[in-house]
Amino acid sequence: MAEFRLHCFPESGGCYKVALMLALSGADWEGIWVDYFRGGGETRTPEWKKRVSVMGEVPVLESDGRSRTQSGVILTYLSQKLGRFQGADREEELRWILFDNHKFTSYLATWRFLLGWVKDPDPAVVAFFRTRVENAFRVVEAQLEGRDFLLGAEPCIADISLQGYLHYPREEWPLDMSAYPRIEAWIGRFRAMPGYKPAYELLPGARTAYAA
Ligand SMILES: N[C@@H](CCC(=O)N[C@@H](CS)C(=O)NCC(=O)O)C(=O)O
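The numbering of the sequence shown is our numbering, which starts it at -18 and goes up by one.
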């Protein structure tokens, strides 16, 4: 049995954050596919919530005889356990993880989900989320001025957290990236790291067909 067992599905950028951390750290890990889409979703059943997480969300990481949820908590645990990607300023690192969970990943994930997995989404709702995504991208683009990574010259778990949805095919999140050259370069720095793989290559399970 692998040291780290990640409950996940391939379309989840939240799961990819954890998988990317494990892969870039060269950890001994395995992915355990969760059936998120069919039959209302395995994670939403009372049985799964009771057995795995009351929040009904993945990623879930099992290791050291414990089940951990919330990618920010999992990434913090892994950075300590593996001694990798620890930000020089842990308060600043947490600040960016919280920003990510509220404004960056959450809006990007919802916009992408509406575009790819919801039949006939309300155009006004799609436009709302796109605007929120663009606002969040502008914030990150500004932070990356004069920095290779969010906190400076070295990558930390906050960078990994925000990378979650950026390694899916561009047609799933069709933003004009010419407006965000620093974010584009920052994505490229991750692609060049040893152990890197894009989301659909790293996470187990078949990709679910688009609803449209
Ligand atoms: N803040 C959480 C968000 C996790 C999350 O939203 N996971 C999604 C999959 S990407 C999920 O399991 N959602 C459950 C649902 O929609 O019922 C984290 O970073 O771990």
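For every residue, glycine included, the Cβ atom is placed at its ideal position computed from N, Cα and C.
- Beta-bridge partners assigned by DSSP to Glu43: Arg(-14), Ser48.
- When the beta-carbon positions are compared, Thr189 and Phe18 come within less than 8 Å of each other.
- Note: Ile13 is bridge-paired with His(-12) in the DSSP secondary-structure output.
- Nearest C-alpha to Pro150 among Arg113, Gly133, Arg93: Arg93.
- Under the Cβ criterion (8 Å, minimum of three pairs), the stretch 130 to 139 counts as touching the stretch 66 to 80.
- Counting only residues of its own chain and dropping the five nearest sequence neighbours on each side, Lys(-2) has a CB closer than 6 Å to the CB of Ser52, Ile141, Ser142, Gly145.
- Annotation for Ser6 indicates a beta carbon at 7 Å or more from all heavy atoms of ligand 1.
- Taking 4 residues as the minimum length, the alpha helix (DSSP H) runs contained wholly in the stretch 48 to 91 are 52 to 63, 71 to 80, in order along the chain.
- When DSSP states are grouped into helix, strand and coil, Gly37 belongs to the coil group.
- Assignment of Phe110 by DSSP, reduced to helix, strand and coil, places it in the helix class.
- Residues of the same chain with a CB within less than 6 Å of the CB of Pro(-9), apart from the 5 flanking positions on each side, are Tyr181, Leu184, Gly186, Arg188 in chain order.
- By the Cβ rule, the stretch 154 to 174 counts as touching the stretch 102 to 121, because three or more pairs are nearer than 8 Å.
- When DSSP states are grouped into helix, strand and coil, Phe18 belongs to the coil group.
- For Gly133, the shortest separation between its Cβ and any heavy atom of ligand 1 does not lie below 7 Å.
- In the DSSP assignment, no residue is bridged to Gly176.
- Gly64 counts as exposed, since fewer than 16 other beta carbons sit within 10 angstroms of its beta carbon.
- Cβ contact annotation for Val107 (same chain, cutoff 6 Å, sequence separation greater than five): Leu95, in chain order.
- Distance check between Ser159 and each of Glu115, Pro175, Val41, Met36 places Glu115 closest, using alpha-carbon atoms only.
- With a cut-off of 8 Å on Cβ pairs, the stretch 56 to 70 is not in contact with the stretch 81 to 88, counting fewer than three such pairs.
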